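If you read the sequences in order, they're chains A and B.
Under numbering that gives the first Met the number 0, the residue at position 72 of the first sequence is numbered 71, and the numbers go up by one with no gaps.
Under numbering that gives the first Met the number 0, the residue at position 98 of the second sequence is numbered 97, and the numbers go up by one with no gaps.
See structure below.
There are 2 protein chains.
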Amino acid sequence: MMLPDTFRALADPTRRAVFERLAASEMSVSQLTARFEVSQPAISQHLATLKAAGLVTERREGRFAYYRAAPEGLAPLVDWIDRYRSFWPERIDRLKDILKGLDDD
Amino acid sequence: MMLPDTFRALADPTRRAVFERLAASEMSVSQLTARFEVSQPAISQHLATLKAAGLVTERREGRFAYYRAAPEGLAPLVDWIDRYRSFWPERIDRLKDILKGLDDD
DNA sequence: GAATCGCATAAGTATCGGCTTATGTATTGC
DNA sequence: GCAATACATAAGCCGATACTTATGCGATTC
Chain A
0 MMLPDTFRAL ADPTRRAVFE RLAASEMSVS QLTARFEVSQ PAISQHLATL
50 KAAGLVTERR EGRFAYYRAA PEGLAPLVDW IDRYRSFWPE RIDRLKDILK
100 GLDDD
Chain B
0 MMLPDTFRAL ADPTRRAVFE RLAASEMSVS QLTARFEVSQ PAISQHLATL
50 KAAGLVTERR EGRFAYYRAA PEGLAPLVDW IDRYRSFWPE RIDRLKDILK
100 GLDDD
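Right, here's the structure in full:
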């Protein structure tokens, strides 16, 4: 199965943290940089990787670049997990909790 | 959040394929090696990584070591995805399909 | 229009990670 | 007990990658 690098993109802790931050709210690169302890180029590079994986989207506004998490990018992960559903013991009912939550929404 | 290296363990395509194979059925290291194009040590190393991440379990029998996928090891992934549930657009109803499947079982 | 700002890209470096071959350690078979 | 088998570990190699500083480039500001 060809996952579009979703796992690899999220494997790096810093990059995952960037995604998590962008899931909370849209932010510009400089705002994002201020929240991490790596340089601005490092952040830009992580964003490029996340964007290539479909995990974030970019919105240009003048000289600013606003990024936000693209939840659809997580779909390959859900798909992948889905493939092993039938092998899962009922013990893993956390997935059911997730569904319950969705139903309640 | 401190994921127990689940993402990193599944980021490598070969290692992910090993996990997928072990999800289908328990196998010994040599049986597993026969199915891949990397050496036996490489397989052993992948298995060690997967085991450290809680994604496989080992069963010793004489000089054989049988491995099988540990679906519980995927729980951290589900947990992590769950954290962003509220940000997801309804468009991602695939997760609902998963839950439906579980309910039907 | 010159300086500044926001960001991306280039280039270099050092570490990590997956692979190999070589070797070690039990276990089994003769 | 000796050879062979099953697997793990050691050691080394090399490409990938996460970071840095330096630079480029468009947009804003004065």
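Built from N, CA and C at the ideal position, the CB exists for glycine as well.
Remember, it's a predicted structure, so these values are computed and weren't measured experimentally.
Closer than 8 Å to chain A by CB, residue i
i        : result
B:Pro-70 : yes
B:Leu-54 : no
B:Phe-35 : no
B:Val-28 : no
B:Pro-3  : no
Bridge partners - residue i, DSSP secondary structure assignment
i        : result
B:Arg-67 : B:Thr-56
A:Ser-27 : A:Tyr-65
C-beta atoms of residue i and residue j nearer than 8 Å
i        : j        : result
B:Leu-54 : A:Phe-6  : no
A:Glu-25 : A:Tyr-65 : yes
B:Leu-76 : A:Leu-21 : no
A:Ala-68 : A:Phe-18 : yes
A:Gln-39 : A:Thr-32 : yes
B:Asp-4  : B:Ala-51 : yes
Minimum Cβ-Cβ distance from residue i to chain B less than 8 Å
i        : result
A:Ala-22 : yes
Chain A contact residues for residue i, given Cβ-Cβ distances below 8 Å
i       : result
B:Phe-6 : Phe-6, Leu-9, Ala-10 and Arg-15
Cross-chain neighbours of residue i in chain B, by beta carbon under 9 Å
i        : result
A:Ile-80 : Leu-73, Leu-76, Val-77, Ile-80 and Ile-97
A:Tyr-65 : Correct list: empty, because the minimum Cβ distance to chain B is about 16 Å.
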